[in-house]
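Quick note, the sequence shown lines up with residues 12 to 410 if you use the numbering used here.
Report on the structure given below.
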Amino acid sequence: MRITAIETLRLEEFANVLWVRVITDAGVVGLGETFYGAGAVEAHIHDVLAGRLLGKDPLRIEAHSRELVNLPMAQASTGAEYRAASAIDLALWDIFGKVCDMPVHQMLGGLCHDRVPIYNTCAGYGYVRSNSIKPVDTWNFGAAAGPYEDLNGFMTDAGAVAESLLEQGISAMKIWPFDPAAIENDGRFITAAQMRKAVEPFEKIRKAVGDQMRIMVEFHCLWNLPTIKRIARELEAFDPTWYEDPIRMNSVSALKELAASTTVPICASETLGSRFPYKDMLEAGAIGIVMTDLVWTGGLTEGRKIASLADTYHRPYAPHDCTGPVAYVAAVHSSFSQPNTMIQESVRAFYTGWYTELVTELPRIEDGHVLPMEGPGLGTELRPDVFQRTDLTCRVSKL
Ligand SMILES: [Mg+2]
């Protein structure tokens with residue numbers, strides 16, 4: 012089997028998302044995806060990576076994984092080079108599964124769990140749907156498109172969101188009420204009034220549902236170290252499950268200092284590319300929970316090594332979502348195939364919202380748990396109407 016063409020697709024309406032289709036002479040087509048900077052990733056795939064892949068055997072996944080980031084300027088990052096490699100890696104695993112007529116989680120070693128608990132990332136329907144992912148600017152509150160406008164929900168009535176999630180059996184939620192203060196002050200300090208306001212959702216959740224709800228706190232890398240240490244101390248009273256991306260995630264020593272100052276584990280991070288920065292942070296004891304985004308970090312090939320590295324350090328693994336429907340599906344395959352999976356990120360405003368506009372199949376969620384995908388490969392395809400859209404840009408490199 013040989014790779015005969017590589018096709019990229021993107022839509023103006025969902026301008027963050029780029030899909031790649033790896034086409035073979037056996038008639039098998041693999042689907043991959045990445046998120047953010049779609050135009051840059053598209054250019055890199057056609058200008059650089061197509062030349063390394065066309066004519067090659069798509070099942071040499073491990074060798075391609077190394078070759079796709081074999082560039083002096085792409086050693087460990089989530090830059091366009093890594094995002095491009097990630098999208099292609101997903102497509103290669105999809106091909107492998109389709110050739111063997113088995114789901115990708117089987118190709119990765121098989122099911123470690125019958126079902127995996129989820130937490131709800133409390134985004135709304137418009138969150139990161141548009142062209143930028145700058146915090147607060149792209150919260151995109153609009154007229155509620157459905158019942159799960161959870162971002163507006165946690166900012167105004169977090170107790171009600173917690174109750175609504177528990178009714179669906181979902182007992183963990185992620186919120187980011189500190190972002191407005193961080194943007195206002197450039198993350199340099201927080202006033203007493205800002206602290207009181209940002210803490211309100213935590214008070215409301217605990218008042219409404221007590222300790223039935225686990226709370227993950229997302230900080231989006233917006234704070235400096237002294238300020239986040241204050242915030243971390245303040246929130247400990249609410250027993251959060253983790254602090255995610257509390258500072259810019261480029262300093263092992265700063266993260267280690269923070270981790271030593273709080274009882275709450277640090278979750279890191281979909282912003283780290285490849286396993287090497289994870290190793291340094293794990294060695295330093297700076298990470299309590301390991302998160303990856305498979306469409307940023309080098310795909311399933313690198314993602315499973317990161318999960319395994321976490322397990323080596325006795326740390327749980329928690330795959331990221333919030334980036335696109337194929338990324339979500341890939342994360343779920345990864346969750347099921349890793350023994351140390353703690354919980355799978357999911358966004359009910361997305362898996363009942365814009366994700367359904369783009370792909371044929373999404374993971375089934377029941378009683379606060381995600382179930383394994385069933386079809387061969389990743390088990391999902393772009394919907395036929397995506398190919399008919401007038402806002403579609405499609406580019407092909409051929410043998
Ligand atoms: Mg995050």
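Just so you know, even glycine gets a beta-carbon here, dropped at the ideal spot from N, CA and C.
Helix, strand or coil for residue i, going by three-state DSSP, please let me know.
i	result
residue 408	strand
residue 325	coil
residue 30	strand
residue 167	helix
residue 11	This structure cannot speak to residue 11, because the chain is shown only from 12 to 410.
residue 84	coil
residue 316	helix
residue 43	strand
residue 159	coil
residue 253	strand
residue 281	coil
residue 380	strand
residue 308	coil
residue 241	helix
residue 182	coil
residue 292	helix
residue 147	coil
residue 225	strand
residue 367	helix
residue 16	strand
residue 355	strand
Grab me the residues of residue i's own chain with a C-beta within less than 7 angstroms of its C-beta, minus the 5 sequence neighbours each way, in chain order.
i	result
residue 249	213, 217 and 226
residue 209	188, 189 and 192
residue 121	348
residue 379	128, 129, 179, 180, 181 and 182
Throw me the rounded Cβ distance for the residue i and residue j pair, which I believe falls under 8 angstroms.
i	j	result
residue 279	residue 260	6 angstroms
residue 106	residue 69	5 angstroms
residue 267	residue 296	6 angstroms
residue 198	residue 150	Contact doesn't hold; Cβ gap of about 17 angstroms is too wide.
residue 94	residue 79	Not confirmed; about 11 angstroms, so no contact.
residue 98	residue 397	Residue 98 to residue 397, Cβ: 16 angstroms. No contact.
residue 100	residue 393	Not quite, the Cβ-Cβ distance comes to about 18 angstroms (not below 8 angstroms), so this is no contact.
residue 299	residue 253	7 angstroms
residue 136	residue 164	Incorrect: roughly 11 angstroms between the Cβ atoms, too far for contact.
residue 327	residue 292	Rounded, the Cβ-Cβ distance is 15 angstroms, inconsistent with contact.
residue 48	residue 13	About 29 angstroms; that fails the 8 angstroms criterion.
On the CB-based measure, 16 or more other CB atoms within 10 Å of its CB, does residue i come out buried or exposed?
i	result
residue 325	exposed
residue 313	buried
residue 84	exposed
residue 147	exposed
residue 162	buried
residue 145	exposed
residue 73	exposed
residue 458	Since the first residue shown for the chain is 12 and the last is 410, residue 458 is missing from the structure and cannot be characterised.
residue 27	buried
residue 81	exposed
residue 58	exposed
residue 388	buried
residue 401	exposed
residue 361	buried
residue 403	exposed
residue 207	exposed
residue 284	buried
In angstroms with no decimal places, state the Cα-to-Cα distance between residue i and residue j.
i	j	result
residue 370	residue 23	16 angstroms
residue 133	residue 204	23 angstroms
residue 269	residue 333	26 angstroms
residue 181	residue 383	17 angstroms
residue 229	residue 271	19 angstroms
residue 16	residue 194	44 angstroms
residue 411	residue 335	Because the chain spans 12 through 410 in this model, residue 411 falls outside it and cannot be assessed.
residue 236	residue 258	7 angstroms
residue 124	residue 302	18 angstroms
residue 91	residue 51	6 angstroms
residue 359	residue 368	14 angstroms
residue 138	residue 159	12 angstroms
residue 126	residue 343	10 angstroms
residue 356	residue 36	36 angstroms
residue 88	residue 288	9 angstroms
residue 77	residue 365	33 angstroms
residue 184	residue 114	28 angstroms
residue 340	residue 330	11 angstroms
residue 273	residue 375	36 angstroms
residue 281	residue 275	19 angstroms
residue 110	residue 386	12 angstroms
By Cβ distance below 6 angstroms, which residues in the same chain neighbour residue i in space, the five residues on each side in sequence not counted?
i	result
residue 30	20 and 44
residue 219	170, 173 and 174
residue 318	328 and 349
Within 7 angstroms (strictly less), CB to CB, does residue i reach chain C?
i	result
residue 354	Here there is only one protein chain, and chain C is not present.
Is residue i near ligand 2, judged by its Cβ being under 6 angstroms from some heavy atom?
i	result
residue 356	No copy of ligand 2 occurs in the structure displayed; its ligands are ligand 1 alone.
Ordered along the chain, which non-local residues of its own chain (more than five positions away) have a Cβ less than 8 angstroms from that of residue i?
i	result
residue 391	42, 336, 337, 340, 370, 371, 372, 373 and 384
residue 131	161, 176, 181, 183, 184, 185, 357, 358 and 359
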